[in-house]
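Here's the structure we're looking at; comments come further down.
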Amino acid sequence: MIEMPPGVTPAKEGFGNVIWNILGQTYTLKQHSEASMAWHAVFPDGTFVPPHVHPTQDEFVYVLSGRYDLWLDGKDFVAKAGDLVRMPKGIPHGIFNKSGETATSLFWVAPTRSLKELFERIHNLPDPQEVVRRAAEHEVNFLPPPA
Numbered sequence: 001m002i003e004m005p006p007g008v009t010p011a012k013e014g015f016g017n018v019i020w021n022i023l024g025q026t027y028t029l030k031q032h033s034e035a036s037m038a039w040h041a042v043f044p045d046g047t048f049v050p051p052h053v054h055p056t057q058d059e060f061v062y063v064l065s066g067r068y069d070l071w072l073d074g075k076d077f078v079a080k081a082g083d084l085v086r087m088p089k090g091i092p093h094g095i096f097n098k099s100g101e102t103a104t105s106l107f108w109v110a111p112t113r114s115l116k117e118l119f120e121r122i123h124n125l126p127d128p129q130e131v132v133r134r135a136a137e138h139e140v141n142f143l144p145p146p147a
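The structure is reproduced here in structure tokens:
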């Protein structure tokens, strides 16, 4: 069991000093336990997470700055600073920054499952195909591109 110690993760630091670079985005781990995991995300303009499904995790995004275009369960949405995006387990979703500026947010999942291990395995991995393959090994299933 992963226990979470009490304390504060400073604004510019990662929990355990963990920071990942995943396909042009920066994820700074803020909290990690068996029950949940949270990370600060920086999405430069033009970066995205393609449509995928977490069959065993609920995922949330609290937008701190900028704007995200979202695809949730076949519908389009926009989330701006102060909005909370809810992505229940089993619901396909994609997150896109088409805003012309950097977007920042706090992401979290519950339960954690093996998402931390996935992020460790895809940190600095430049090949999107390999990211998709490794993600499937950690209960994150990317959808095929539209025809």
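Read left to right, the sequence shown gives residues 1 to 147 (the UniProt record's numbering).
Glycine residues also receive a C-beta, built at the ideal position from the N, C-alpha and C atoms.
The structure displayed is predicted, hence computed values, not measured ones.
Alpha helix (DSSP H) segment containing residue i, residue limits
{"i": "F119", "result": "L115 to I122"}
Residue i burial status per 10 Å Cβ neighbour count (16 or more: buried)
{"i": "V8", "result": "exposed"}
{"i": "F77", "result": "exposed"}
{"i": "I2", "result": "exposed"}
{"i": "L118", "result": "buried"}
{"i": "P10", "result": "exposed"}
{"i": "L115", "result": "buried"}
CA-to-CA distance, residue j to residue i, given in whole angstroms
{"i": "L23", "j": "M4", "result": "28 Å"}
{"i": "P55", "j": "A35", "result": "16 Å"}
{"i": "V42", "j": "R133", "result": "23 Å"}
Same chain, Cβ closer than 8 Å to residue i, five either side skipped, listed in chain order
{"i": "G16", "result": "L29 and H32"}
For residue i, the nearest candidate out of the options (CA to CA)
{"i": "D45", "options": "F96, F60 and W71", "result": "F96"}
{"i": "K89", "options": "V18, N124, K116 and N141", "result": "N141"}
Close Cβ partners of residue i (< 6 Å) along its chain, the five nearest in sequence each way excluded
{"i": "T47", "result": "G24, Q25 and N97"}
{"i": "G14", "result": "T28 and L29"}
Other residues of its chain near residue i: CB distance less than 7 Å, five sequence neighbours each side excluded
{"i": "P128", "result": "L23"}
{"i": "L64", "result": "A81, T104, S105 and L106"}
{"i": "P145", "result": "none"}
Enclosing beta strand (DSSP E) for residue i [first to last residue]
{"i": "P51", "result": "F48 to V53"}
Short CB-CB distance (under 9 Å) between residue i and chain B
{"i": "F96", "result": "The chain labelled as chain B is not found in the depicted structure, where only one protein chain is given."}
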